[in-house]
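Take any residue in the sequence shown, count from 1 to its spot, add 7: that is its number in the numbering used here.
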Amino acid sequence: MSVIVASTQSGAGKSLITSSLVRILGKPPLKVQNISLNSYSTEDGGEIAFIQAFQAMGNKIKPTRKLNPVLIKYMGNGIEVILNGNSLGVLNYQDYVSILPDIWFSARNAIGENVIESAGGIAEPNYLERDISGTLIAKEFGFPIILVLDISKGGAFASAYGAYNMLPEEVRTRIKGFIINKYLGEEKFVEPACKWLETKTGMKYLGSIPLLEEKPIPPEDSEDIFSINGKKEVDVIAYPFMSNFNEFYALKFSDAYLRFVRREEEIIDPYLVILPGSRNVFESLAWIKKYFPKISRYPLLGICGGYQIMNSEISDPLGMESGLPRSEKGLSIFNGKVNIYYDKIVSQIEGFFDSLPFKGYEIRRGRVSGNRGILKIVRRNGHSTLEYDGDFHDDKVGISVHGFLFSEASGKLLKYFGLTHSPTQEEEAYYEAIQKITEIVKKRIYLDEIKAIVES
(Lines of atoms letter the chains of each structure in order from A; the text may use other names.)
(Lines give C-alpha, C1' and ligand atoms only; values in the text may rest on other atoms or scores of the structure.)
Protein backbone atom coordinates (compact mmCIF):
# COMPACT_ATOMS: atom_id res chain seq x y z
CA MET A 8 0.00 0.00 0.00
CA SER A 9 1.03 3.61 -0.50
CA VAL A 10 1.68 5.99 2.38
CA ILE A 11 1.09 9.76 2.48
CA VAL A 12 3.71 11.98 4.11
CA ALA A 13 1.94 15.14 5.29
CA SER A 14 2.52 18.04 7.68
CA THR A 15 0.74 20.98 9.24
CA GLN A 16 2.82 23.57 7.35
CA SER A 17 5.27 24.11 4.52
CA GLY A 18 8.93 23.57 5.28
CA ALA A 19 8.35 20.95 7.97
CA GLY A 20 10.55 18.38 6.25
CA LYS A 21 8.15 16.33 4.13
CA SER A 22 10.59 16.19 1.21
CA LEU A 23 13.42 14.97 3.42
CA ILE A 24 11.33 12.25 5.08
CA THR A 25 9.85 11.22 1.72
CA SER A 26 13.32 10.95 0.16
CA SER A 27 14.40 8.58 2.91
CA LEU A 28 11.21 6.50 2.99
CA VAL A 29 11.51 5.92 -0.76
CA ARG A 30 14.88 4.30 -0.03
CA ILE A 31 13.65 2.35 3.01
CA LEU A 32 10.32 1.12 1.62
CA GLY A 33 11.44 0.60 -1.97
CA LYS A 34 8.49 2.53 -3.41
CA PRO A 35 8.80 5.38 -5.95
CA PRO A 36 8.07 8.97 -4.89
CA LEU A 37 4.96 10.86 -5.95
CA LYS A 38 3.64 14.36 -5.47
CA VAL A 39 0.36 14.76 -7.31
CA GLN A 40 0.55 18.56 -7.31
CA ASN A 41 3.60 20.66 -6.57
CA ILE A 42 3.96 24.45 -6.59
CA SER A 43 7.56 25.23 -7.43
CA LEU A 44 9.79 27.24 -9.77
CA ASN A 45 12.43 24.49 -9.63
CA SER A 46 11.72 21.93 -12.33
CA TYR A 47 13.38 19.17 -14.31
CA SER A 48 13.09 17.57 -17.74
CA THR A 49 12.31 13.88 -17.99
CA GLU A 50 13.95 11.69 -20.62
CA ASP A 51 10.97 12.11 -22.96
CA GLY A 52 10.76 15.90 -22.61
CA GLY A 53 8.19 16.16 -19.83
CA GLU A 54 8.46 18.78 -17.09
CA ILE A 55 8.16 17.81 -13.43
CA ALA A 56 9.11 19.42 -10.13
CA PHE A 57 12.80 19.10 -9.40
CA ILE A 58 12.36 17.66 -5.91
CA GLN A 59 10.53 14.60 -7.27
CA ALA A 60 13.35 14.12 -9.81
CA PHE A 61 15.84 14.37 -6.93
CA GLN A 62 13.92 11.80 -4.87
CA ALA A 63 13.92 9.46 -7.86
CA MET A 64 17.51 9.90 -9.06
CA GLY A 65 18.79 9.75 -5.50
CA ASN A 66 17.17 6.32 -5.19
CA LYS A 67 18.26 5.07 -8.64
CA ILE A 68 14.75 5.47 -10.09
CA LYS A 69 14.30 7.06 -13.51
CA PRO A 70 12.41 10.39 -13.26
CA THR A 71 9.14 10.18 -15.21
CA ARG A 72 6.08 12.34 -15.71
CA LYS A 73 4.06 10.12 -13.36
CA LEU A 74 6.09 11.24 -10.34
CA ASN A 75 4.53 14.73 -10.47
CA PRO A 76 1.38 14.88 -12.61
CA VAL A 77 0.60 18.54 -11.79
CA LEU A 78 3.16 21.32 -11.49
CA ILE A 79 2.15 24.92 -10.79
CA LYS A 80 4.47 27.86 -11.47
CA TYR A 81 3.59 31.34 -10.24
CA MET A 82 4.43 33.99 -12.83
CA GLY A 83 3.12 37.30 -11.48
CA ASN A 84 -0.10 37.85 -13.43
CA GLY A 85 -1.06 34.20 -13.61
CA ILE A 86 0.04 30.62 -13.08
CA GLU A 87 1.51 28.18 -15.53
CA VAL A 88 -0.16 24.79 -15.21
CA ILE A 89 1.80 21.72 -16.29
CA LEU A 90 -0.24 18.52 -16.53
CA ASN A 91 1.44 15.17 -17.05
CA GLY A 92 4.61 16.95 -18.12
CA ASN A 93 2.98 19.25 -20.70
CA SER A 94 2.25 22.95 -20.25
CA LEU A 95 -1.40 23.97 -20.48
CA GLY A 96 -0.31 27.60 -20.76
CA VAL A 97 -0.81 30.53 -18.42
CA LEU A 98 -4.13 30.65 -16.53
CA ASN A 99 -5.63 32.86 -13.89
CA TYR A 100 -6.47 31.19 -10.61
CA GLN A 101 -10.23 31.01 -11.21
CA ASP A 102 -9.72 29.31 -14.56
CA TYR A 103 -7.51 26.77 -12.84
CA VAL A 104 -10.10 26.08 -10.14
CA SER A 105 -12.76 25.58 -12.81
CA ILE A 106 -10.77 22.80 -14.52
CA LEU A 107 -9.45 21.23 -11.30
CA PRO A 108 -11.96 18.32 -11.39
CA ASP A 109 -10.67 17.39 -14.85
CA ILE A 110 -7.07 17.77 -13.69
CA TRP A 111 -7.73 15.50 -10.71
CA PHE A 112 -9.44 12.93 -12.96
CA SER A 113 -6.29 12.80 -15.10
CA ALA A 114 -3.69 13.09 -12.34
CA ARG A 115 -5.15 10.36 -10.14
CA ASN A 116 -4.11 7.79 -12.75
CA ALA A 117 -0.50 8.27 -11.61
CA ILE A 118 -1.26 6.94 -8.12
CA GLY A 119 0.00 3.44 -7.44
CA GLU A 120 2.38 1.95 -4.89
CA ASN A 121 4.16 5.13 -3.83
CA VAL A 122 5.55 7.22 -1.02
CA ILE A 123 3.25 10.20 -1.57
CA GLU A 124 4.34 13.65 -0.46
CA SER A 125 1.45 16.01 0.21
CA ALA A 126 1.66 19.80 -0.24
CA GLY A 127 1.75 22.59 2.33
CA GLY A 128 -0.40 22.04 5.41
CA ILE A 129 -2.89 19.19 5.30
CA ALA A 130 -5.74 21.06 7.02
CA GLU A 131 -6.00 24.44 5.26
CA PRO A 132 -9.75 25.26 5.45
CA ASN A 133 -9.71 27.38 2.28
CA TYR A 134 -8.19 24.51 0.32
CA LEU A 135 -9.44 21.35 1.99
CA GLU A 136 -11.92 20.31 -0.71
CA ARG A 137 -9.39 20.94 -3.50
CA ASP A 138 -6.33 19.31 -1.95
CA ILE A 139 -5.43 16.85 -4.69
CA SER A 140 -2.03 16.24 -3.07
CA GLY A 141 -3.30 15.01 0.27
CA THR A 142 -6.86 14.92 1.56
CA LEU A 143 -8.54 13.86 -1.70
CA ILE A 144 -6.07 11.00 -2.06
CA ALA A 145 -6.71 9.87 1.52
CA LYS A 146 -10.49 10.03 0.98
CA GLU A 147 -10.56 8.19 -2.32
CA PHE A 148 -7.79 5.63 -1.84
CA GLY A 149 -7.77 5.21 1.94
CA PHE A 150 -3.99 5.38 2.25
CA PRO A 151 -2.47 5.88 5.72
CA ILE A 152 -0.96 9.26 6.59
CA ILE A 153 2.19 10.02 8.56
CA LEU A 154 2.41 13.58 9.88
CA VAL A 155 5.77 15.39 9.98
CA LEU A 156 5.99 18.05 12.70
CA ASP A 157 8.60 20.84 12.70
CA ILE A 158 9.43 21.41 16.35
CA SER A 159 12.21 23.96 15.75
CA LYS A 160 9.93 27.02 15.77
CA GLY A 161 7.58 25.90 18.54
CA GLY A 162 3.88 25.08 18.31
CA ALA A 163 4.33 21.64 16.76
CA PHE A 164 1.92 19.82 19.08
CA ALA A 165 -0.72 22.55 19.04
CA SER A 166 -0.66 22.64 15.23
CA ALA A 167 -0.87 18.84 15.05
CA TYR A 168 -3.82 18.72 17.44
CA GLY A 169 -5.53 21.56 15.60
CA ALA A 170 -5.00 20.02 12.18
CA TYR A 171 -6.26 16.65 13.40
CA ASN A 172 -9.51 18.17 14.65
CA MET A 173 -10.02 20.33 11.56
CA LEU A 174 -9.94 17.39 9.18
CA PRO A 175 -13.07 15.49 8.14
CA GLU A 176 -13.41 12.16 9.92
CA GLU A 177 -12.62 10.04 6.86
CA VAL A 178 -9.23 11.79 6.59
CA ARG A 179 -8.57 12.15 10.32
CA THR A 180 -8.84 8.42 10.86
CA ARG A 181 -6.19 7.83 8.19
CA ILE A 182 -3.50 9.67 10.22
CA LYS A 183 -1.68 6.78 11.84
CA GLY A 184 1.37 8.44 13.32
CA PHE A 185 3.67 11.44 13.55
CA ILE A 186 7.41 12.12 13.30
CA ILE A 187 9.08 15.01 15.12
CA ASN A 188 11.54 16.81 12.82
CA LYS A 189 14.32 19.33 13.53
CA TYR A 190 14.58 18.35 17.19
CA LEU A 191 17.40 19.54 19.46
CA GLY A 192 18.00 17.62 22.65
CA GLU A 193 17.46 14.18 24.11
CA GLU A 194 14.38 12.27 23.01
CA LYS A 195 13.23 11.68 26.59
CA PHE A 196 12.43 15.38 27.01
CA VAL A 197 9.86 15.38 24.20
CA GLU A 198 8.23 12.06 25.12
CA PRO A 199 5.63 13.53 27.56
CA ALA A 200 4.27 15.81 24.83
CA CYS A 201 4.26 12.92 22.37
CA LYS A 202 2.27 10.78 24.80
CA TRP A 203 -0.19 13.66 25.27
CA LEU A 204 -0.74 13.88 21.50
CA GLU A 205 -1.10 10.10 21.24
CA THR A 206 -3.77 10.14 23.97
CA LYS A 207 -5.67 13.03 22.42
CA THR A 208 -5.65 11.78 18.83
CA GLY A 209 -4.73 8.10 18.64
CA MET A 210 -1.77 8.93 16.39
CA LYS A 211 1.38 6.96 17.23
CA TYR A 212 4.71 8.63 17.96
CA LEU A 213 7.12 7.30 15.32
CA GLY A 214 10.41 8.91 16.37
CA SER A 215 12.32 12.16 16.02
CA ILE A 216 14.84 13.52 13.50
CA PRO A 217 17.49 15.96 14.76
CA LEU A 218 17.96 19.47 13.42
CA LEU A 219 20.68 19.05 10.80
CA GLU A 220 23.47 21.62 10.55
CA GLU A 221 23.69 21.55 6.76
CA LYS A 222 20.89 21.52 4.22
CA PRO A 223 20.85 17.80 3.41
CA ILE A 224 18.93 18.10 0.14
CA PRO A 225 18.82 20.74 -2.62
CA PRO A 226 16.36 23.57 -1.92
CA GLU A 227 12.78 23.30 -3.16
CA ASP A 228 11.73 26.94 -2.86
CA SER A 229 13.16 30.35 -2.01
CA GLU A 230 12.54 29.78 1.70
CA ASP A 231 15.19 27.06 1.59
CA ILE A 232 18.09 28.94 -0.01
CA PHE A 233 21.39 27.80 1.37
CA SER A 234 25.07 28.73 1.65
CA ILE A 235 28.24 26.76 0.94
CA ASN A 236 31.21 27.49 3.15
CA GLY A 237 34.22 27.48 0.85
CA LYS A 238 36.83 30.23 0.67
CA LYS A 239 36.09 32.06 -2.58
CA GLU A 240 33.08 34.34 -2.78
CA VAL A 241 30.41 33.35 -5.30
CA ASP A 242 27.17 35.33 -5.19
CA VAL A 243 23.83 34.27 -6.67
CA ILE A 244 21.41 37.13 -7.31
CA ALA A 245 18.15 36.14 -5.61
CA TYR A 246 15.85 38.23 -7.77
CA PRO A 247 12.06 37.78 -7.94
CA PHE A 248 10.94 34.64 -9.78
CA MET A 249 14.37 33.03 -9.37
CA SER A 250 14.09 29.43 -10.60
CA ASN A 251 16.13 26.22 -10.70
CA PHE A 252 18.56 27.57 -8.11
CA ASN A 253 18.75 24.03 -6.74
CA GLU A 254 21.49 23.40 -9.34
CA PHE A 255 23.99 25.39 -7.26
CA TYR A 256 24.01 22.44 -4.89
CA ALA A 257 26.72 21.21 -7.28
CA LEU A 258 29.08 23.88 -5.92
CA LYS A 259 29.41 21.81 -2.75
CA PHE A 260 32.20 20.13 -4.72
CA SER A 261 34.08 23.41 -5.25
CA ASP A 262 35.97 25.94 -3.13
CA ALA A 263 33.12 28.44 -3.48
CA TYR A 264 31.76 30.41 -0.56
CA LEU A 265 28.24 30.53 -1.98
CA ARG A 266 25.78 33.21 -0.93
CA PHE A 267 22.40 34.43 -2.20
CA VAL A 268 22.24 38.24 -2.37
CA ARG A 269 19.40 40.69 -3.04
CA ARG A 270 21.29 44.01 -3.13
CA GLU A 271 24.55 45.05 -4.79
CA GLU A 272 25.97 46.35 -1.51
CA GLU A 273 25.98 42.76 -0.23
CA ILE A 274 28.62 41.85 -2.82
CA ILE A 275 32.15 42.17 -1.41
CA ASP A 276 34.94 40.70 -3.55
CA PRO A 277 33.47 37.98 -5.76
CA TYR A 278 35.22 35.50 -7.95
CA LEU A 279 31.88 35.09 -9.70
CA VAL A 280 28.34 36.51 -9.66
CA ILE A 281 25.62 34.21 -10.98
CA LEU A 282 22.36 35.25 -12.63
CA PRO A 283 20.17 32.16 -12.10
CA GLY A 284 17.12 30.97 -13.99
CA SER A 285 13.97 33.07 -13.91
CA ARG A 286 10.29 32.34 -14.51
CA ASN A 287 9.64 36.01 -15.31
CA VAL A 288 12.71 37.53 -16.94
CA PHE A 289 11.17 41.01 -17.13
CA GLU A 290 10.63 41.24 -13.37
CA SER A 291 14.07 39.77 -12.70
CA LEU A 292 15.65 42.20 -15.17
CA ALA A 293 13.90 45.17 -13.54
CA TRP A 294 15.23 44.05 -10.15
CA ILE A 295 18.80 43.94 -11.45
CA LYS A 296 18.53 47.37 -13.08
CA LYS A 297 17.19 48.85 -9.84
CA TYR A 298 19.31 47.13 -7.20
CA PHE A 299 22.46 46.13 -9.14
CA PRO A 300 23.20 49.22 -11.28
CA LYS A 301 26.89 48.28 -11.69
CA ILE A 302 26.32 44.61 -12.43
CA SER A 303 28.49 44.67 -15.56
CA ARG A 304 31.67 45.30 -13.56
CA TYR A 305 31.58 41.81 -12.02
CA PRO A 306 32.58 38.45 -13.52
CA LEU A 307 29.24 36.93 -14.48
CA LEU A 308 27.67 33.57 -15.28
CA GLY A 309 24.07 33.65 -16.52
CA ILE A 310 22.06 30.44 -16.73
CA CYS A 311 18.84 30.15 -18.79
CA GLY A 312 16.74 33.18 -17.78
CA GLY A 313 19.84 34.81 -16.34
CA TYR A 314 21.57 34.36 -19.69
CA GLN A 315 18.58 35.84 -21.51
CA ILE A 316 18.73 38.94 -19.28
CA MET A 317 22.36 39.51 -20.34
CA ASN A 318 21.39 40.03 -24.00
CA SER A 319 20.51 43.27 -25.77
CA GLU A 320 16.74 42.86 -26.16
CA ILE A 321 13.97 40.61 -24.87
CA SER A 322 10.69 40.35 -26.77
CA ASP A 323 7.55 38.54 -25.57
CA PRO A 324 4.82 39.25 -28.15
CA LEU A 325 2.36 36.73 -26.66
CA GLY A 326 2.82 37.74 -23.02
CA MET A 327 4.03 34.29 -21.97
CA GLU A 328 6.26 35.60 -19.16
CA SER A 329 4.18 38.27 -17.47
CA GLY A 330 0.70 37.96 -18.96
CA LEU A 331 1.01 40.94 -21.31
CA PRO A 332 2.93 41.46 -24.58
CA ARG A 333 6.19 43.16 -23.71
CA SER A 334 9.61 44.12 -25.00
CA GLU A 335 12.53 45.44 -22.96
CA LYS A 336 16.20 46.24 -23.42
CA GLY A 337 18.40 43.75 -21.62
CA LEU A 338 21.73 44.36 -19.92
CA SER A 339 23.44 44.39 -23.37
CA ILE A 340 26.42 42.42 -22.12
CA PHE A 341 25.90 40.25 -25.20
CA ASN A 342 24.56 41.36 -28.58
CA GLY A 343 21.98 38.60 -28.92
CA LYS A 344 18.22 39.08 -29.04
CA VAL A 345 15.72 36.96 -27.12
CA ASN A 346 12.31 36.01 -28.47
CA ILE A 347 9.85 34.24 -26.19
CA TYR A 348 7.50 31.75 -27.84
CA TYR A 349 4.44 29.77 -26.79
CA ASP A 350 6.17 26.43 -27.40
CA LYS A 351 8.46 25.51 -24.54
CA ILE A 352 11.76 23.69 -24.96
CA VAL A 353 11.86 20.88 -22.38
CA SER A 354 14.70 18.48 -23.01
CA GLN A 355 17.61 16.49 -21.69
CA ILE A 356 20.76 17.23 -23.64
CA GLU A 357 24.31 16.02 -24.10
CA GLY A 358 27.20 17.89 -25.62
CA PHE A 359 30.70 19.26 -25.29
CA PHE A 360 32.36 22.32 -23.81
CA ASP A 361 35.86 22.76 -25.20
CA SER A 362 36.05 19.00 -26.00
CA LEU A 363 34.86 17.96 -22.51
CA PRO A 364 31.47 16.18 -22.33
CA PHE A 365 28.52 17.44 -20.35
CA LYS A 366 24.91 16.53 -19.65
CA GLY A 367 22.12 18.88 -18.65
CA TYR A 368 18.56 19.90 -19.33
CA GLU A 369 16.65 22.84 -20.77
CA ILE A 370 13.32 24.32 -19.67
CA ARG A 371 12.64 27.57 -21.48
CA ARG A 372 10.46 29.48 -23.91
CA GLY A 373 13.12 32.05 -24.77
CA ARG A 374 15.32 31.56 -27.83
CA VAL A 375 18.51 33.60 -28.24
CA SER A 376 19.59 34.64 -31.73
CA GLY A 377 22.92 36.24 -32.61
CA ASN A 378 24.89 34.34 -29.98
CA ARG A 379 28.40 33.00 -30.55
CA GLY A 380 27.85 29.60 -28.97
CA ILE A 381 30.19 28.05 -26.40
CA LEU A 382 28.36 24.75 -25.82
CA LYS A 383 28.09 22.18 -28.60
CA ILE A 384 24.87 20.17 -28.21
CA VAL A 385 24.90 16.78 -29.96
CA ARG A 386 21.90 14.95 -28.42
CA ARG A 387 18.47 16.18 -27.39
CA ASN A 388 15.99 13.80 -25.73
CA GLY A 389 17.92 10.84 -27.11
CA HIS A 390 18.07 12.10 -30.71
CA SER A 391 21.16 13.29 -32.55
CA THR A 392 21.39 17.00 -33.27
CA LEU A 393 24.01 19.70 -33.79
CA GLU A 394 23.35 23.02 -32.11
CA TYR A 395 25.36 25.70 -30.35
CA ASP A 396 24.32 27.48 -27.19
CA GLY A 397 25.57 30.31 -25.03
CA ASP A 398 27.80 33.33 -25.36
CA PHE A 399 30.85 34.95 -23.80
CA HIS A 400 32.56 38.34 -23.58
CA ASP A 401 35.63 38.98 -21.42
CA ASP A 402 34.74 37.63 -17.95
CA LYS A 403 31.04 37.17 -18.78
CA VAL A 404 29.50 33.83 -19.79
CA GLY A 405 25.90 32.83 -20.51
CA ILE A 406 24.36 29.40 -21.17
CA SER A 407 20.81 28.02 -21.44
CA VAL A 408 21.61 24.65 -19.88
CA HIS A 409 20.61 23.68 -16.34
CA GLY A 410 22.58 20.99 -14.54
CA PHE A 411 25.81 21.88 -16.34
CA LEU A 412 27.57 22.50 -13.02
CA PHE A 413 27.43 18.77 -12.22
CA SER A 414 29.52 17.94 -15.31
CA GLU A 415 33.28 17.55 -15.62
CA ALA A 416 33.23 20.34 -18.20
CA SER A 417 32.02 22.83 -15.61
CA GLY A 418 35.32 22.44 -13.76
CA LYS A 419 37.11 23.88 -16.78
CA LEU A 420 34.63 26.73 -17.13
CA LEU A 421 34.83 27.71 -13.46
CA LYS A 422 38.62 27.58 -13.61
CA TYR A 423 38.40 30.66 -15.85
CA PHE A 424 36.90 32.44 -12.85
CA GLY A 425 39.62 31.25 -10.46
CA LEU A 426 37.53 28.50 -8.87
CA THR A 427 38.45 24.87 -8.28
CA HIS A 428 35.55 22.53 -8.97
CA SER A 429 35.55 18.71 -9.08
CA PRO A 430 31.88 17.78 -9.33
CA THR A 431 30.27 14.42 -8.76
CA GLN A 432 27.74 13.29 -11.37
CA GLU A 433 24.26 14.53 -10.51
CA GLU A 434 22.71 11.12 -9.86
CA GLU A 435 25.63 10.04 -7.66
CA ALA A 436 25.56 13.29 -5.67
CA TYR A 437 21.85 12.84 -4.97
CA TYR A 438 22.28 9.15 -4.08
CA GLU A 439 24.95 10.03 -1.52
CA ALA A 440 22.82 12.85 -0.09
CA ILE A 441 19.83 10.55 0.46
CA GLN A 442 22.10 7.85 1.86
CA LYS A 443 23.32 10.26 4.56
CA ILE A 444 19.73 11.23 5.39
CA THR A 445 18.59 7.61 5.49
CA GLU A 446 21.36 6.57 7.87
CA ILE A 447 20.13 9.21 10.33
CA VAL A 448 16.45 8.41 9.80
CA LYS A 449 16.94 4.67 10.34
CA LYS A 450 18.51 5.35 13.73
CA ARG A 451 15.82 7.77 14.87
CA ILE A 452 12.43 6.52 13.66
CA TYR A 453 10.50 3.38 14.52
CA LEU A 454 10.82 1.48 11.26
CA ASP A 455 8.89 -1.61 12.30
CA GLU A 456 5.86 0.49 13.24
CA ILE A 457 6.07 2.50 10.01
CA LYS A 458 6.28 -0.68 7.92
CA ALA A 459 3.29 -2.10 9.81
CA ILE A 460 1.32 1.08 9.03
CA VAL A 461 2.16 0.83 5.32
CA GLU A 462 1.37 -2.89 5.13
CA SER A 463 -1.89 -2.70 7.09
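No residue lacks a Cβ here, since even glycine has one placed at the ideal position from N, Cα and C. Since the structure is predicted, the reported quantities are computational estimates derived from the model, not experimental observations.
With contacts defined by Cβ atoms closer than 8 Å, Ser285 and Met327 do not form a contacting pair. In its chain, beyond the 5 residues on either side, Lys211 and Tyr212 have a beta carbon closer than 7 Å to the beta carbon of Glu205.
Under the three-state reduction of DSSP, Val197 is assigned to coil, being neither helix nor strand.
Shortest Cα-Cα distance from Asp51 to any of Val353, Gln59 and Val12 involves Val353. One alpha carbon belongs to Pro364, the other to Val241, and they sit about 24 Å apart.
Given a length threshold of 3 residues, each whole run of the beta strand (DSSP E) inside the region 68 to 120 is given here in chain order: 77 to 81, 86 to 90 and 93 to 98.
Looking only at Gln442, Ser407 and Phe399, the smallest Cα-Cα distance to Tyr368 is reached by Ser407. For the pair Ile244 and Leu292, the CB atoms are not nearer than the 8 Å cut-off.
For the region 340 to 418, the continuous beta strand (DSSP E) assignments of 3+ residues that do not extend past its boundaries occur at 344 to 360, 363 to 376, 382 to 387, 390 to 396, 398 to 400 and 403 to 406, in sequence order. Taking 8 Å as the cut-off, the Cβ atoms of Gln62 and Ala126 do not count as close. Per the Cβ contact rule, the region 399 to 419 is in contact with the region 355 to 363 (3 or more Cβ pairs under 8 Å). Contact annotation: the region 29 to 48 does not touch the region 164 to 177, with fewer than three C-beta pairs closer than 8 Å. In this structure, DSSP gives Ala436 a helical state, which the three-state scheme calls helix.
Separation of Arg181 and Glu456 (C-alpha to C-alpha, rounded to the nearest whole angstrom) is 15 Å. Taking the Cα positions, Leu382 is about 15 Å away from Tyr423. Between Ser113 and Asn91, the C-beta spacing is below 8 Å. Val122 carries a strand assignment under DSSP once its states are collapsed to helix, strand and coil.
Comparing alpha carbon positions, the residue from Val345, Ser319 and Gly343 closest to Lys336 is Ser319. Using a Cβ distance threshold of 8 Å, Ala56 and Ser48 do not count as a contacting pair. Between Ile384 and Asp398, the C-beta spacing is not below 8 Å. With a contact defined as Cβ atoms closer than 8 Å, Glu462 and Met82 miss out at about 42 Å.
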